[in-house]
Amino acid sequence: MIMHSSTGAEPPAIQLENVAASVRVGDQWRAVLRDVSFVVAAGEALGIVGESGSGKSMTAKAIARLLPGRTRLTGTVRVGGLDVNTLSGRALRAHRSRVGFIFQDPKAHINPVRTIGDFMTESLVRTAGVRRREAMVRAARALGGVGVTSPERRLAQYPHELSGGLLQRVMIATVLLGEPEMILADEPTTALDVTTQSEVIAILDEMRRERNLALVFITHDLELASTVCDRTAVMYAGQIVETRASKDVHEGSRHPYTRALVGARPLLDHPQERLTVLPGRPIAPADAPAGCSFHTRCPYAKESCAEIEPELEEFDGGTVRCIRKHEIWSATTAVPR
Amino acid sequence: MVRYLLQRALLFFGTLLISSFIVFSALYLMPGDPIGNLTGGRSLPPEAMEALRQRYHLDEPFLQRYLSWLGGLFRGDLGRSVIFNQDVASMLADKLTITLQLVGYAAVILTLAGIALGVIAGLKRGVADSIIVAFTSFLAAVPPYMAALLLLSVFAVGLGWFPAIGAGDAGERLIHLTLPAIALAASSLAIVARVTRVSIRAEANREHVQTAVSRGLPETEVVFRHILRNALMPIVTVVGVATASLLAISAVVEQAFSLDGVGAMLVQAALARDIAVVQAIALLFVFAFVSVNTLVDVLYVFLDPRLRTTKELA
Amino acid sequence: MTTMTLTVESSAAARRRRPRASLLTWVSAAVIVGGVLLAILGPLLAPHDPDQTDIARAFFAPSADHLLGQDSQGRDILSRIMLGARSSMTGPLIVVLFAMSIGTVVALLAAWLGGWFDSGVSAVTDIMFGFPAIVLAVLAAAVFGPGLVGPTIALGFAYIPLTIRVLRSFMIRERAKDYVLTYEVQGLSGLLICARHLLPNVWPMVIAQGTLLFGYAMVDFAAISFLGLGVQPPASDWGVMVSTGQRGVLLGYPTESFVAGACIVAVVLAVNFLGERISEQNET
């Protein structure tokens, strides 16, 4: 079931319906995404939260069609109404440049043997046919826009001469140069220290509002997602297990996994006696057990949880994938039985 | 960067110096009287012997002789062949042309074909890759003289498409040198292709390539500007090493195709114990070898900007 | 994505790690064993006298009596091949043993002592690299005259820097491993650690390198003989046969050169293949 966040005649910026994907490893197909559905409207920010291996990066790559070579995809991925998987050649490249993808580790994602200027202007010069000098001017302006000082000097430098935080700003500026219609940010601040993190987040947020872009923000940090995004989606073992308005996540989340995540990072004004600890380790999508993928670690699991596969359904103001959601949460109290 | 270049220069001259010393002392390693060796056991009239003694400063201490020889080299005096009674330098002139053309031709083949095959195999998987890998394995196993004889047998004698002997006159040079050049390049080509393939594959998996793809750049752009460009360092290394070795291997191919080049001259001189010629040519080979290698090292600096700011090569 | 990548890779990696003594491995081993047998028993197994000439039957095609035909002097090619195994493989063997023993010791010392010794060794090997093996061989031939002695000495020395370079990097990595540290901390002498602990772990790599070197040596030896600077005709050496067979090739009777060349290539391939297998299995 798909959650509609806004209605209108225009198609949503991003729309995923029951997306599943497998990657070929050796002679087998291993699932990396099992069931992902969500909608993001223009100007909206959706945070996707999950632990390593939950499939959040793969989701972003599926949107931009950057999945590794031998991958099988089912379900639909629509960007601006277009089915992404039917695109090829020039249309595909145009689609990719419409989606601004910000990668996790800028040092690894920028070509080390070319200058910053070359990196930033490459797309403009080679595909959009902009003259080099003009492109450089635009690049310098973009750098200034993200708070980089002496941009002309930076353009002549090489990646290894810049710090991680600075490189990430370069990455963001470059993405914005391409005038994208949406931004997919895959853990953009994970490789940075905390102060730089908040600066980069601020820039992203500002840019999004200025240009009314759809933003998909991927992170393992629930708090971060809640702060930056309007809505938060939680992934586990290749599936979305909950979506909810960010402001409701802390008190109002209803999936046991989300509750555990929340409980592991108590807020300063909501102290807890003990941090929540979940037994076991995160499961790769391909190794998910029968029934509910989370049941092996869930404190509320019953026998039926191992047999029935839950669907993502609307519940209590958001969507939850859990067959026991009504039992666990009585409608009148916010406290579990 | 300056320090790096300085290191390379030092290595260059150091190697040349020591090599020249080894080449020179070889004469004195030979059993018997140096004069006897210089004349190759022939008996010459006393004036000629005296002239030889003077020419090679045989009355002077070893080190001084070495230095005189070195000095002579710088002046372009490569010694004199006792067998042909000619200055080595003038003997070399024509033969050098042939050898250089052969080596140049082979270098072009191994670079272009090797890199092309490697890029194709590296980027595509499946059938194309398997074929190329099998082909290069085969090539790598066949030593130049075998390749030469094989080509000779099949294409020259058997099919008659190419001449079998000699380097031909100016106009026909290309045709005459084709089979030898292929034979010379064959096994090196295989290695270049292999290294290129591995290097391209590794680079294609790098994250910055994904960035380029994510920006909607066309495939050719991505391949040339990001994959190949970054994979160049190991490729340049192997092309450099292969080219540097070409000169030494050329002797074998020249023998097989009866080409009148420097290599053939070297072999004849060695068999005839014509020391001066052997020394001069041996040193020439070493010089070429070391020069190419140093050139490759210098090229690194231009290929990888990270070398310009770090102090030493990792 | 660490967890996922790990789970995705480990089964594939596990599958790869299972050793498969493939058909190719058996074939290679068979070739080498065959070669060694020929080297040892060659003269006894040969159907004809390898030096027996019969000009009237020069260049005759293979027949029942002469399975591989006859060469330019009418000699039986098969017998010459069988006899040639000995000289074609002995020289390289000596070269390899020589270069490897010196190379291994120096590499071990460089890896163990480090510091100025190591830098010195690196500098010297860099310089020695500047000297192509063939040039050294030609020089040796000029000095000592053609034959087996000159090239053997020359190649022996020429291969030392290569050996040192390869083994040194491997040994440095090995030396840095924790188990060596635990021995050092206990106060065991360097010599003891090297001999009893480092060497046994490094052994497979040394053997692998040795086999590769053997392949290079065979090819280089044959090249030198081809040039006429090594073993001289009318000896039944494979390299010599390739060389003397050249006349045959030009006349359209390539059997001698091709068969001899094929033997060289076969042994080199087999040896290289096994060497790669050994180093793959011991990849750390």
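These protein sequence lines are chains L, A and H, in that order. When we follow this note's numbering, the leftmost residue of the first sequence carries the number 1, and every step to the right adds one. When we follow this note's numbering, the leftmost residue of the second sequence carries the number 338, and every step to the right adds one. When we follow this note's numbering, the leftmost residue of the third sequence carries the number 652, and every step to the right adds one. Cβ coordinates follow ideal geometry from the N, Cα and C atoms, glycine included.
Is there contact here, the region 146 to 155 of chain L with the region 105 to 113 of chain L, by at least three beta-carbon pairs under 8 Å? no
Bridge partners of Thr243 of chain L, per DSSP? Residue 243 of chain L sits at position 243 when you count from the first residue of the first sequence. In the DSSP output, where bridge partners are listed per residue, Thr243 of chain L has L:Ala233, L:Thr319.
So, is the C-beta of Met698 of chain H closer than 9 Å to a C-beta in chain A? On the third sequence, residue 698 of chain H is found 47 positions in, with the first residue counted as 1. A small fix is needed here, since residue 698 of chain H is Pro in this sequence, not Met. Not closer than 9 Å to any Cβ of chain A, the Cβ of Pro698 of chain H fails to qualify, so no.
Just to make sure I have the definition right: I need the residues of chain A whose C-beta is within less than 9 Å of the C-beta of Gln66 of chain L. Which are they? As a first step, residue 66 of chain L must be located in the first sequence, where it is residue number 66. In the sequence on display, residue 66 of chain L carries Leu and not Gln. Ordered by position in chain A, the residues that pass the 9 Å Cβ test against Leu66 of chain L are Gln547, Val550, Ser551.
Closest by C-alpha distance to Ile706 of chain H, when choosing among H:Leu695, H:Leu718, H:Leu689, H:Arg726: On the third sequence, position 55 is the one that residue 706 of chain H refers to. Looking at the Cα atoms, H:Arg726 is the closest of the given residues.
At a Cβ threshold of 9 Å, is Phe499 of chain A touching chain H? For the purposes of this step, residue 499 of chain A is identified with residue 162 of the second sequence, where counting begins at 1. Taking Cβ atoms only, chain H never reaches closer than 9 Å to Phe499 of chain A, which makes this a no.
For Asp83 of chain L, count neighbouring Cβ atoms within 10 angstroms of its own Cβ and tell me buried if that reaches 16, exposed if not. For the purposes of this step, residue 83 of chain L is identified with residue 83 of the first sequence, where counting begins at 1. It counts as exposed.
Which listed residue (L:Asp248, L:Ile172, L:Glu314) has its alpha carbon closest to that of Gly147 of chain L: Translated into positions along the first sequence, residue 147 of chain L becomes position 147. Of the candidates L:Asp248, L:Ile172, L:Glu314, the one whose C-alpha sits nearest the C-alpha of Gly147 of chain L is L:Ile172.
Would you identify the three-state DSSP class for Met602 of chain A, choosing helix, strand or coil? The sequence position of residue 602 of chain A within the second sequence is 265, counting from 1. Here Met602 of chain A sits in helix by DSSP.
Taking just the CA atoms, how far does Gln860 of chain H sit from Ala609 of chain A? Translated into positions along the second sequence, residue 609 of chain A becomes position 272. Translated into positions along the third sequence, residue 860 of chain H becomes position 209. Going from the Cα of Ala609 of chain A to the Cα of Gln860 of chain H covers about 36 Å.
Report all residues from its chain with a CB closer than 8 Å to the CB of Ala680 of chain H; omit the five preceding and five following residues, and keep chain order. Counting from 1 along the third sequence, the entry for residue 680 of chain H is found at position 29. Excluding residues within five positions, the ones whose Cβ falls inside 8 Å are Ala921, Leu925.
According to DSSP, simplified to helix, strand and coil, what is Arg78 of chain L? As a working mapping, residue 78 of chain L is identified with position 78 in the first sequence. Note: Arg78 of chain L maps to strand in three-state DSSP.
Measuring only the C-alpha atoms, how far is Ala568 of chain A from Arg133 of chain L? Position 231 of the second sequence holds residue 568 of chain A. Position 133 of the first sequence holds residue 133 of chain L. Approximately 28 Å, taken between the alpha carbons.
For the beta strand (DSSP E) containing Leu415 of chain A, name the first residue and the last one. The count along the second sequence starts at 1 and reaches residue 415 of chain A at position 78. Careful: Leu415 of chain A lies outside any beta strand (DSSP E) and carries neither H nor E.
Is any beta-carbon of chain A found at less than 9 Å from that of Pro188 of chain L? To locate residue 188 of chain L, count along the first sequence from 1; it is residue 188. No, Pro188 of chain L does not count as interfacial toward chain A.
Three-way DSSP call (helix, strand, coil) for Arg24 of chain L in this model: As a first step, residue 24 of chain L is located in the first sequence; it is residue number 24 there, counting from the start. Note: Arg24 of chain L maps to strand in three-state DSSP.
Are any of the Cβ atoms in chain A nearer than 9 Å to that of Val916 of chain H? What you label residue 916 of chain H is simply residue 265 of the third sequence in a count that begins at 1. Yes - at least one Cβ of chain A is within 9 Å of the one on Val916 of chain H.
For Asp722 of chain H and Gly896 of chain H, which I take to be in contact (beta-carbon distance under 8 Å), what is that distance rounded to the nearest angstrom? Looking up residue 722 of chain H in the third sequence gives position 71. Looking up residue 896 of chain H in the third sequence gives position 245. Contact flag correct, Cβ pair sits at about 7 Å.
In whole angstroms, what separates the C-alpha of Ala549 of chain A from that of Val599 of chain A? The residue labelled residue 549 of chain A in the question sits at position 212 within the second sequence. The residue labelled residue 599 of chain A in the question sits at position 262 within the second sequence. The alpha-carbon atoms of Ala549 of chain A and Val599 of chain A are separated by roughly 49 Å.
Going by DSSP, name the residue or residues bridged to Met182 of chain L. For the purposes of this step, residue 182 of chain L is taken as the residue at position 182 of the first sequence. For Met182 of chain L, which the question treats as bridged, DSSP gives the partners L:Val99, L:Ala214.
Could you give the distance in angstroms between the alpha-carbon of Leu257 of chain L and the alpha-carbon of Cys298 of chain L? As a working note, residue 257 of chain L is residue 257 in the first sequence. As a working note, residue 298 of chain L is residue 298 in the first sequence. Going by the sequence as given, residue 257 of chain L is Tyr instead of Leu. Going from the Cα of Tyr257 of chain L to the Cα of Cys298 of chain L covers about 7 Å.
What does Gly912 of chain H reach in chain A if we use C-beta pairs closer than 9 Å? For the purposes of this step, residue 912 of chain H is identified with residue 261 of the third sequence, where counting begins at 1. Neighbours of Gly912 of chain H on chain A, chain order: Val479, Pro480, Tyr482, Met483, Leu486, Leu487.
Can you tell me which residues form a DSSP beta bridge with Arg72 of chain L? Start at 1 with the first residue of the first sequence, and residue 72 of chain L comes out as number 72. According to DSSP, Arg72 of chain L bridges with L:Ser22.
Around the Cβ of His326 of chain L, are there at least 16 other Cβ atoms within 10 angstroms (buried) or fewer (exposed)? In the first sequence, residue 326 of chain L corresponds to position 326, counting from 1. His326 of chain L should be labelled exposed.
Does the beta-carbon distance from Val99 of chain L to Glu181 of chain L come in below 9 Å? Within the first sequence, the letter at position 99 stands for residue 99 of chain L. Within the first sequence, the letter at position 181 stands for residue 181 of chain L. In contact: Val99 of chain L and Glu181 of chain L (Cβ atoms closer than 9 Å).
Mapping DSSP to helix, strand and coil, what is Arg566 of chain A? Looking up residue 566 of chain A in the second sequence gives position 229. Residue state, collapsed to three classes: helix.
Residues of its chain near Gly117 of chain L, where Cβ-Cβ distance is below 7 Å and the 5 sequence neighbours each way are ignored: By one-based count along the first sequence, residue 117 of chain L stands at place 117. Answer for Gly117 of chain L: Met136, Ala139, Leu155, Ala156, listed in chain order.
Where Phe38 of chain L sits in the DSSP three-state scheme: Mapped onto the first sequence, residue 38 of chain L falls at position 38. Phe38 of chain L: strand per DSSP, three-state reduction.
I'd like to check one pair, Ala62 of chain L with Ala21 of chain L: are the Cβ atoms closer than 9 Å? Position 21 of the first sequence, counted from the first residue, corresponds to residue 21 of chain L. Position 62 of the first sequence, counted from the first residue, corresponds to residue 62 of chain L. Yes, the Cβ-Cβ distance between Ala21 of chain L and Ala62 of chain L is below 9 Å.
I want to see whether chain A comes within less than 9 Å of Ser930 of chain H, judged by CB atoms only; does it? By 1-based counting over the third sequence, the position of residue 930 of chain H is 279. For Ser930 of chain H, the answer is no, since every Cβ of chain A falls outside 9 Å of its Cβ.
Against chain A, with Cβ distances strictly below 9 Å, would Leu925 of chain H count as a contact? As a position in the third sequence, residue 925 of chain H is number 274, starting the count at 1. So, not an interface residue.
Sort out for me which residues DSSP pairs Gly801 of chain H with in a bridge. Here residue 801 of chain H refers to the residue found at position 150 when the third sequence is read from its first residue. In the DSSP output, where bridge partners are listed per residue, Gly801 of chain H has none listed.
Please state whether DSSP places Asp777 of chain H in a helix, a strand or coil. Counting from 1 along the third sequence, the entry for residue 777 of chain H is found at position 126. Asp777 of chain H falls in the helix class under three-state DSSP.
Once you ignore the five residues that flank Ala581 of chain A on each side, which residues in its own chain have a CB closer than 6 Å to its CB? As a working note, residue 581 of chain A is residue 244 in the second sequence. Excluding sequence neighbours, Ala581 of chain A sits near Phe626, Val629, Asn630.
Among the candidates H:Leu696, H:Ala868, H:Arg731, whose CA atom is the shortest distance from the CA of Ile751 of chain H? As a position in the third sequence, residue 751 of chain H is number 100, starting the count at 1. In the sequence as presented, Ile is not what sits at residue 751 of chain H; that position holds Met. Taking only the C-alpha atoms, the option nearest Met751 of chain H is H:Ala868.
Run down chain L in chain order and give the residues with a C-beta less than 7 Å from the C-beta of Asn567 of chain A. Taking the first residue of the second sequence as position 1, residue 567 of chain A is located at position 230. Result: Asn111, Val113.
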